[in-house]
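Each residue of the sequence shown is one higher than the one before, counting from 4 in the numbering used here. Positions of the beta carbon are idealized from the N, C-alpha and C atoms, including for glycine.
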Amino acid sequence: KMNNLEKKEKEIKTTSQEYHRIILLFLRFSGWIVGPVILALIIGNTIDGRYDSEPWATLTAIGVAFIFSMIGIVKEIKEYKKMVDKE
């Protein structure tokens, strides 16, 4: 009977760790998307307001942020793949 209980606890712990890993991965990807875009909007709007270049600085900043986000996401995927391959 104790053996079944130990198996159940191990399954619960493993499932919990998997959910934790998935949530962390989701948060990292979300951060790589949201963070650079918000920063790009702030920088772009500031430059547009100062130099009356609306909307070009904002659009350029968002384009750069998109590229930066994609590079970050690819790096995260490579790290995650290495971690999964070790297990």
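Limits of the unbroken alpha helix (DSSP H) element including residue i
i          : result
residue 72 : 59-89
Which listed residue (the options) has its alpha carbon closest to that of residue i
i          : options           : result
residue 70 : 7, 86, 37 and 24  : 37
residue 72 : 13, 15, 16 and 34 : 34
residue 26 : 83, 6, 54 and 12  : 83
Beta-carbon gap between residue i and residue j smaller than 8 Å
i          : j          : result
residue 74 : residue 43 : no
residue 79 : residue 32 : yes
residue 60 : residue 40 : no
residue 52 : residue 63 : no
Chain C contact for residue i (CB, 8 Å cutoff)
i          : result
residue 49 : In the structure shown, chain C does not exist; there is a single protein chain.
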